[in-house]
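First comes the structure, then the notes that go with it.
Residue numbers (this note's numbering): 53 to 229.
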(Lines of atoms letter the chains of each structure in order from A and count residues from 1; the text may use other names and numbers.)
(Lines give C-alpha, C1' and ligand atoms only; values in the text may rest on other atoms or scores of the structure.)
Protein backbone atom coordinates (compact mmCIF):
# COMPACT_ATOMS: atom_id res chain seq x y z
CA UNK A 1 0.00 0.00 0.00
CA UNK A 2 1.44 3.36 -1.01
CA UNK A 3 1.86 5.96 1.70
CA UNK A 4 1.81 9.57 0.56
CA UNK A 5 4.01 12.14 2.26
CA UNK A 6 1.74 14.34 4.38
CA UNK A 7 -0.92 11.66 4.72
CA UNK A 8 -2.31 11.30 8.25
CA UNK A 9 -3.35 7.84 9.45
CA UNK A 10 -4.71 6.58 12.73
CA UNK A 11 -2.97 3.63 14.37
CA UNK A 12 -4.18 1.46 17.28
CA UNK A 13 -0.74 1.39 18.95
CA UNK A 14 1.34 4.03 20.74
CA UNK A 15 4.59 4.19 18.76
CA UNK A 16 5.85 5.67 15.49
CA UNK A 17 6.15 3.45 12.43
CA UNK A 18 9.22 3.79 10.18
CA UNK A 19 8.71 6.87 7.98
CA UNK A 20 5.85 8.23 10.10
CA UNK A 21 5.81 10.76 12.97
CA UNK A 22 3.23 11.18 15.72
CA UNK A 23 1.09 14.29 15.18
CA UNK A 24 2.07 15.86 18.50
CA UNK A 25 2.87 19.42 17.41
CA UNK A 26 6.62 19.07 17.79
CA UNK A 27 8.99 21.21 15.76
CA UNK A 28 11.24 19.46 13.26
CA UNK A 29 14.42 20.70 11.66
CA UNK A 30 14.15 21.00 7.89
CA UNK A 31 16.65 18.45 6.59
CA UNK A 32 17.00 15.74 3.96
CA UNK A 33 14.53 13.44 5.77
CA UNK A 34 11.86 16.10 6.38
CA UNK A 35 12.26 18.37 3.31
CA UNK A 36 9.44 16.79 1.27
CA UNK A 37 6.98 17.02 4.18
CA UNK A 38 7.96 20.66 4.74
CA UNK A 39 7.34 21.42 1.04
CA UNK A 40 3.78 20.13 1.47
CA UNK A 41 2.73 21.52 4.86
CA UNK A 42 5.09 24.49 5.25
CA UNK A 43 4.74 26.19 8.59
CA UNK A 44 0.92 26.04 8.82
CA UNK A 45 1.31 24.32 12.18
CA UNK A 46 4.27 26.33 13.53
CA UNK A 47 8.00 26.76 13.14
CA UNK A 48 9.89 29.61 11.50
CA UNK A 49 9.62 28.24 7.93
CA UNK A 50 13.37 28.67 7.37
CA UNK A 51 15.02 26.05 9.56
CA UNK A 52 12.05 24.51 11.42
CA UNK A 53 8.44 23.54 10.90
CA UNK A 54 5.90 21.88 13.20
CA UNK A 55 3.79 18.79 12.84
CA UNK A 56 0.03 19.08 13.32
CA UNK A 57 -0.95 18.58 16.96
CA UNK A 58 -3.87 16.15 17.01
CA UNK A 59 -3.58 15.20 20.68
CA UNK A 60 -7.09 15.46 22.12
CA UNK A 61 -8.44 17.01 18.89
CA UNK A 62 -10.94 16.11 16.23
CA UNK A 63 -10.39 17.03 12.59
CA UNK A 64 -12.54 19.35 10.47
CA UNK A 65 -12.28 20.09 6.77
CA UNK A 66 -11.23 23.44 5.32
CA UNK A 67 -14.17 25.84 5.05
CA UNK A 68 -14.11 29.27 3.45
CA UNK A 69 -17.41 30.52 4.88
CA UNK A 70 -16.92 31.24 7.74
CA UNK A 71 -13.15 31.14 7.28
CA UNK A 72 -11.58 28.02 8.78
CA UNK A 73 -8.12 27.95 7.30
CA UNK A 74 -5.63 25.10 7.21
CA UNK A 75 -3.84 24.75 10.54
CA UNK A 76 -6.27 26.89 12.55
CA UNK A 77 -7.42 25.59 15.95
CA UNK A 78 -11.04 26.01 17.03
CA UNK A 79 -13.04 25.03 20.09
CA UNK A 80 -12.37 24.37 23.74
CA UNK A 81 -12.25 21.25 25.91
CA UNK A 82 -14.17 23.02 28.67
CA UNK A 83 -16.42 26.06 28.79
CA UNK A 84 -17.40 28.45 31.56
CA UNK A 85 -20.91 29.73 30.93
CA UNK A 86 -21.66 33.23 32.08
CA UNK A 87 -25.04 34.61 33.03
CA UNK A 88 -25.05 36.59 29.76
CA UNK A 89 -24.89 33.33 27.73
CA UNK A 90 -28.02 31.88 29.34
CA UNK A 91 -31.46 32.79 28.02
CA UNK A 92 -33.63 34.96 30.22
CA UNK A 93 -35.80 32.73 32.33
CA UNK A 94 -37.20 32.38 35.83
CA UNK A 95 -37.94 29.64 38.27
CA UNK A 96 -41.07 31.03 39.86
CA UNK A 97 -41.82 29.21 43.09
CA UNK A 98 -44.90 30.06 45.09
CA UNK A 99 -46.49 28.86 48.28
CA UNK A 100 -49.62 29.60 50.25
CA UNK A 101 -49.66 31.40 53.55
CA UNK A 102 -52.67 29.51 54.93
CA UNK A 103 -52.23 26.65 57.35
CA UNK A 104 -52.12 23.19 55.82
CA UNK A 105 -55.43 21.35 55.63
CA UNK A 106 -54.68 18.39 53.30
CA UNK A 107 -52.50 15.38 53.88
CA UNK A 108 -51.48 14.74 50.25
CA UNK A 109 -50.91 16.74 47.08
CA UNK A 110 -53.71 15.00 45.15
CA UNK A 111 -51.84 11.70 45.26
CA UNK A 112 -48.64 13.11 43.73
CA UNK A 113 -46.48 12.04 46.65
CA UNK A 114 -46.84 9.27 49.19
CA UNK A 115 -48.21 10.38 52.53
CA UNK A 116 -46.92 8.79 55.67
CA UNK A 117 -47.14 11.71 58.04
CA UNK A 118 -49.87 12.59 60.46
CA UNK A 119 -49.85 16.36 59.98
CA UNK A 120 -51.30 18.49 57.22
CA UNK A 121 -48.80 19.60 54.57
CA UNK A 122 -50.80 21.58 52.02
CA UNK A 123 -53.27 24.36 52.45
CA UNK A 124 -55.67 26.28 50.27
CA UNK A 125 -55.63 29.97 49.53
CA UNK A 126 -53.90 32.29 47.12
CA UNK A 127 -50.22 31.81 46.40
CA UNK A 128 -47.46 34.26 47.23
CA UNK A 129 -43.87 34.38 45.89
CA UNK A 130 -41.19 32.81 48.04
CA UNK A 131 -38.61 35.02 49.65
CA UNK A 132 -35.56 35.80 47.49
CA UNK A 133 -33.55 34.18 50.28
CA UNK A 134 -35.29 30.89 49.45
CA UNK A 135 -34.69 31.05 45.67
CA UNK A 136 -31.26 32.25 44.58
CA UNK A 137 -28.22 31.64 42.44
CA UNK A 138 -26.68 28.20 42.13
CA UNK A 139 -23.38 26.88 40.84
CA UNK A 140 -19.74 27.47 41.58
CA UNK A 141 -18.52 29.35 38.50
CA UNK A 142 -16.51 26.36 37.28
CA UNK A 143 -16.14 25.30 33.63
CA UNK A 144 -17.89 22.18 32.40
CA UNK A 145 -16.68 19.61 29.88
CA UNK A 146 -17.51 20.44 26.28
CA UNK A 147 -16.35 17.33 24.40
CA UNK A 148 -18.11 14.94 22.11
CA UNK A 149 -17.64 11.23 22.79
CA UNK A 150 -14.33 10.03 21.35
CA UNK A 151 -11.98 7.07 20.96
CA UNK A 152 -8.24 7.64 21.41
CA UNK A 153 -5.96 6.43 18.60
CA UNK A 154 -2.44 7.42 17.56
CA UNK A 155 -2.44 9.98 14.71
CA UNK A 156 0.74 9.87 12.60
CA UNK A 157 1.86 11.80 9.51
CA UNK A 158 3.94 10.23 6.74
CA UNK A 159 7.30 11.86 5.96
CA UNK A 160 8.82 9.07 3.82
CA UNK A 161 6.76 7.78 0.92
CA UNK A 162 5.43 8.85 -2.45
CA UNK A 163 5.23 12.57 -3.11
CA UNK A 164 1.60 13.41 -3.90
CA UNK A 165 1.19 15.11 -7.26
CA UNK A 166 -1.52 17.67 -7.73
CA UNK A 167 -4.35 16.61 -10.01
CA UNK A 168 -4.57 18.88 -13.05
CA UNK A 169 -7.59 21.17 -13.03
CA UNK A 170 -8.49 24.21 -15.06
CA UNK A 171 -7.26 26.35 -12.14
CA UNK A 172 -3.74 24.88 -11.87
CA UNK A 173 -2.92 23.54 -15.37
CA UNK A 174 -0.03 25.98 -15.75
CA UNK A 175 1.56 24.99 -12.41
CA UNK A 176 4.37 22.45 -12.19
CA UNK A 177 3.58 19.30 -10.24
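Each residue gets a CB set at the ideal place from its N, CA and C atoms; glycine is no exception. Computed from a prediction, not measured in an experiment: that's the story for all the values here.
Rounded straight-line distance, which links the Cα of residue 60 to that of residue 72 = A direct Cα-Cα distance of roughly 9 Å separates residue 72 from residue 60.
For residue 80, which of helix, strand or coil comes out of DSSP?
-> DSSP places residue 80 in the strand class (E or B) of the three-state scheme.
Straight-line gap, residue 77 to residue 66 (C-alpha atoms, nearest Å) | Cα to Cα, residue 77 sits roughly 16 Å from residue 66.
Return the chain-ordered list of same chain residues with a C-beta closer than 8 Å to the C-beta of residue 193, the five sequence neighbours on each side being excluded.
-> Excluding positions up to five away in sequence, the list reads 136.
Count the C-beta pairs between the region 195 to 204 and the region 86 to 104 that are closer than 8 Å, then say yes if the count reaches three, no if not.
-> With the cut-off at 8 Å, the region 195 to 204 and the region 86 to 104 do not touch.
Just to confirm, are residue 80 and residue 105 a CB contact at a threshold of 9 Å?
-> Yes. Within cutoff.
With burial defined as no fewer than 16 other Cβ atoms inside 10 Å of the residue's Cβ, what is the status of residue 144: buried or exposed?
-> Exposed, since its Cβ has fewer than 16 Cβ neighbours within 10 Å.
Apart from the five residues on each side of it in sequence, which residues of its chain come closer than 7 Å, Cβ to Cβ, to residue 210?
-> Within the same chain, Cβ atoms closer than 7 Å to the Cβ of residue 210 are found at 55, 56, 57, 58, 59, 71, 72, the five residues on either side in sequence being excluded.
Cβ neighbours of residue 103 in the same chain (closer than 8 Å, five flanking residues each side left out) | Taken in chain order, the residues that qualify are 81, 82.
Run through DSSP, which three-state label would residue 73 get?
-> Residue state, collapsed to three classes: strand.
Within its chain, find whatever has a CB closer than 6 Å to the CB of residue 90; leave out the 5 residues flanking it on each side and keep chain order.
-> Taking C-beta separations shorter than 6 Å and ignoring five residues to either side along the sequence, the partners of residue 90 in its chain run 82, 105, following chain order.
Would you tell me roughly how many angstroms separate the C-alpha atoms of residue 108 and residue 129, rounded to the nearest one?
-> Rounded to the nearest angstrom, the two C-alpha atoms are 10 Å apart.
What does DSSP give as the partner residues of residue 123 in its beta bridges?
-> Bridge partners of residue 123: 120.
Segment limits, beta strand (DSSP E) that includes residue 60 = Here the beta strand (DSSP E) through residue 60 covers 60 to 63.
Just mark residue 207 as buried or exposed, buried being the case when its beta carbon has 16 or more other beta carbons within 10 Å.
-> That one is buried.
Would you kindly check if the distance between the Cβ of residue 133 and the Cβ of residue 101 is under 9 Å?
-> With respect to residue 133, residue 101 sits apart: the two C-beta atoms are not nearer than 9 Å.
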